[in-house]
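Here's the structure, in structure tokens; my notes come after.
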Amino acid sequence: MADKAAFQVIVLGPTGGPREDSLTGLLVRSTSTDWSTDSVIAVDAGTLVSGIIHTLEQYNAPLRDGTYIMDEGPFAGLKMPYKSAQANAAHIFRDIIGAVLITHAHLDHLSGLAINTPMLEAGNGPKPLAALPSIVAAIKNHMFNDVIWPNLSDEDGGAGLLTYQRLVEGGNPRFGRGEAKGYVRACDGLLARCLGVSHGRCRQRFHPESGTHHRVGSSVFAADPLMLPSRAISVDQSTDAGIYSPARSPRMLSANSKEPFWATVESSAFFIRDHHTGSEIIIFGDVEPDCVSLDPRNKRVWEAAAPKIATGKLRAIFIECSYDDSVEDATLYGHLCPRHLIAELTLLARKVMEARHPSMAISSIGKRKHSGSNTYGGSGGQVSPKSKRPQSFSVAAGKRAEPSLTGMASATVDMRPRFYSTTEGLVEIPELVYDEPTPSYYEPDEVSDTGKPADPAPQPTSPGEAQTGDFGQLPLSGLSIYVIHIKEDLTDDIPPRERILQQLRSRGEAARLGCEFYAPHRGEGIWI
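Numbered as in the UniProt record's numbering, the sequence shown ends at 528 without a single skipped number.
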């Protein structure tokens with residue numbers, strides 16, 4: 001497996017807390033580079049050097065011809081100049097890791113980097129920290145600011161140990177050719193493209209000294225792109241469907257308003273491409289389901305991923321699933337649980353089938369028969385007590401759009417602006433118009449308060465409902481879903497990891513998606 005793999009991913013931290021020694025952090029390398037200098041990227045860094053030390057300590061490195069070489073484990077084949085795990089971990093951080101990609105600026109994705117950065121040596125040049133402009137702004141203003149932590153960057157008179165690389169959201173069209181268009185070099189052997197996603201909401205409050213609304217503790221879409229530092233204006237303003245502009249995000253339309261308002265917390269999904277083979281993986285930061293988001297953007301990621309899955313170029317997705325299905329939508333706080341992740345993957349499955357058979361309308365992915373009324377509130381399906389159906393309103397018509405319960409197909413997101421007059425001013429929010437409900441709106445099987453699913457409902461048998469689309473292949477066959485950012489409960493009960501995996505596998509089988517679900521352990525090496 002390792003011989004044929006294009007990628008190796010080392011999971012330094014698979015959880016979202018509360019333990020601080022296994023927070024989110026991944027290492028990724030192209031297997032073609034053979035552990036050369038600058039051949040590894042870190043994606044998020046809640047755990048970094050401590051995770052490397054922990055992993056190295058699990059295996060011995062025999063001394064051969066004056067060099068310590070790892071024979072087994074995730075770092076197998078790595079030649080190390082030192083005897084101790086601590087010294088070799090510092091070597092890996094300084095020399096082998098070429099860049100750090102940060103999905104968003106929350107501490108559980110950033111704290112390891114902050115603590116570890118002082119060990120960098122200025123003689124090696126600054127370590128690139130790559131992220132979307134709003135993420136860089138949050139890190140610069142609220143972390144490396146000489147208040148919370150020293151300014152270790154090379155901006156504003158800092159120590160020069162880090163350099164900020166502000167990424168173009170959606171990909172930089174000036175770089176790459178063909179399928180690699182929009183990708184930028186991440187390290188030796190790897191290219192990256194970043195798409196923004198939504199991670200819940202937060203309040204923006206007016207600050208009288210600056211005269212603008214400030215975000216406290218979160219990175220959010222700016223009300224105006226000019227609010228970002230001048231070097232952060234790197235978004236592509238073209239009308240291309242694959243590019244997203246922060247200017248289109250939910251925002252206050254009254255520039256003179258001094259009232260607080262809700263804004264969307266920005267996170268990221270990184271498409272990582274192996275330069276040698278063209279293979280790709282996706283690594284998500286924290287992300288919420290589109291069906292509850294102020295600014296739904298997961299659909300863009302699935303539309304970009306589907307053709308790559310259809311051709312076999314994309315075989316793995318690392319995505320969070322923080323809670324099990326016993327957690328209600330109101331307390332997910334911008335995260336996913338199994339019912340919502342399966343809903344998102346059902347939309348992806350539909351897009352994959354459409355990519356494989358573009359001349360045919362694929363409308364049966366994830367569908368299930370329901371008897372009785374097919375209108376909201378009828379008897380045509382059970383509405384989940386854990387998922388609240390979003391209400392979409394048309395201001396012009398002055399009435400609610402009633403989605404039909406015809407099955408478990410994906411939702412259509414209408415991004416036409418809708419303006420709402422509230423106590424906080426006139427707000428533009430994209431309206432969600434559902435022609436078909438997503439699976440997250442009702443349960444394919446009952447789930448108890450412990451999160452253990454009951455027997456799944458009967459599978460569809462009619463040809464029109466076959467999940468394979470009558471083409472002999474389940475839509476996501478060959479795709480591996482690695483679940484990260486699991487919130488541990490630190491009790492003697494069944495670990496959340498096991499409950500979440502059980503629910504995902506049960507729901508995935510019921511939806512006939514075809515993908516495999518895994519929840520990697522701390523220090524695990526994955527070859528893809």
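We treat Cβ as the ideally placed atom computed from N, Cα and C, and that holds for glycine.
Fair warning: this is a prediction, and the values are worked out from it, not measured in the lab.
Closest option to Leu-78, judged by alpha-carbon separation, among Tyr-68, Ala-87, Ser-84, Gln-86: Tyr-68. Runs of beta strand (DSSP E) with 3 or more residues, each lying fully within the stretch 141-198, are found at 162-166, 184-187, listed in chain order. Here the alpha carbons of Cys-194 and Ser-30 stand approximately 18 angstroms from one another. In the DSSP assignment, Val-40 falls outside any alpha helix (DSSP H) and lies within the beta strand (DSSP E) extending over 40-45. A Cβ-Cβ distance of about 6 angstroms is found for the pair Leu-336 and Glu-320, placing them in contact under the 8 angstroms criterion. In the three-state DSSP reduction, Asp-95 falls in the helix class (H, G or I). About 5 angstroms separates the beta carbon of Ala-45 from that of Gly-25, a gap short enough to meet the 8 angstroms contact definition. The beta carbons of Arg-315 and Leu-479 sit closer together than 9 angstroms.
In this structure, DSSP gives Asp-492 a state outside helix and strand, which the three-state scheme calls coil. A direct Cα-Cα distance of roughly 29 angstroms separates Leu-161 from Phe-318. Membership of Glu-354 in the alpha helix (DSSP H) is indicated by the continuous run 338-356. Judged by their CB atoms, Ile-92 and Ile-281 are not nearer to each other than the 9 angstroms cut-off.
When DSSP states are grouped into helix, strand and coil, Gly-13 belongs to the strand group.
Taking 9 angstroms as the cut-off, the beta carbon of Val-49 is found no closer than this to the beta carbon of Ile-41.
Inter-residue distance for Gly-13 and Ser-84 is about 21 angstroms (C-alpha atoms, whole angstroms). The stretch 113-123 and the stretch 300-307 do not touch, with fewer than 3 CB-CB distances between them shorter than 8 angstroms. Per DSSP, Val-265 lies in no alpha helix (DSSP H); the unbroken beta strand (DSSP E) holding it starts and ends at 261-274. Annotation: the continuous alpha helix (DSSP H) that includes Leu-56 extends over 49-56. When DSSP states are grouped into helix, strand and coil, Glu-288 belongs to the coil group. Counting only residues of its own chain and dropping the five nearest sequence neighbours on each side, Asp-108 has a CB closer than 7 angstroms to the CB of Gly-16, Gly-17, Leu-23, Thr-24, Gly-46. Taking a cut-off of 8 angstroms for Cβ pairs, the stretch 515-526 and the stretch 473-490 touch, as three or more such pairs fall below it. Counted as a single uninterrupted DSSP element, the alpha helix (DSSP H) harbouring Gly-112 occupies residues 111-116. Residue range 524-527 is occupied by the beta strand (DSSP E) that includes Glu-524. Rounded to the nearest angstrom, the gap between the Cα atoms of Leu-152 and Gly-123 is 14 angstroms.
Per the DSSP secondary-structure output, Arg-300 pairs with nothing in a beta bridge. Your pair Ser-198 and Ser-267 checks out as a contact, with CB atoms roughly 7 angstroms apart and the cut at 8 angstroms. Taking the CA atoms as reference points, Glu-344 sits about 25 angstroms from Ser-134.
Scanning its chain for C-beta atoms nearer than 7 angstroms, with the 5 sequence neighbours on each side dropped, one finds around Ala-305 the residues Ile-282, Leu-314, Leu-348, in chain order.
Nearest C-alpha to Ile-97 among His-106, Pro-81, Leu-129: Leu-129. In this structure, Asp-290 sits away from Thr-103, with a CB-CB distance that is not shorter than 9 angstroms.
When DSSP reads this structure, Pro-128 sits in a beta bridge with Thr-163.
Across the set Asp-324, His-485, Gly-312, Thr-331, the C-alpha of Gly-312 shows the shortest separation from the C-alpha of Met-353.
Remark: C-beta atoms of Ala-99 and Cys-187 approach each other more closely than 9 angstroms. Looking at Tyr-482, Asp-492, Leu-167, the one whose alpha-carbon comes closest to that of Val-9 is Tyr-482.
When the beta-carbon positions are compared, Gly-334 and Val-265 come within less than 9 angstroms of each other.
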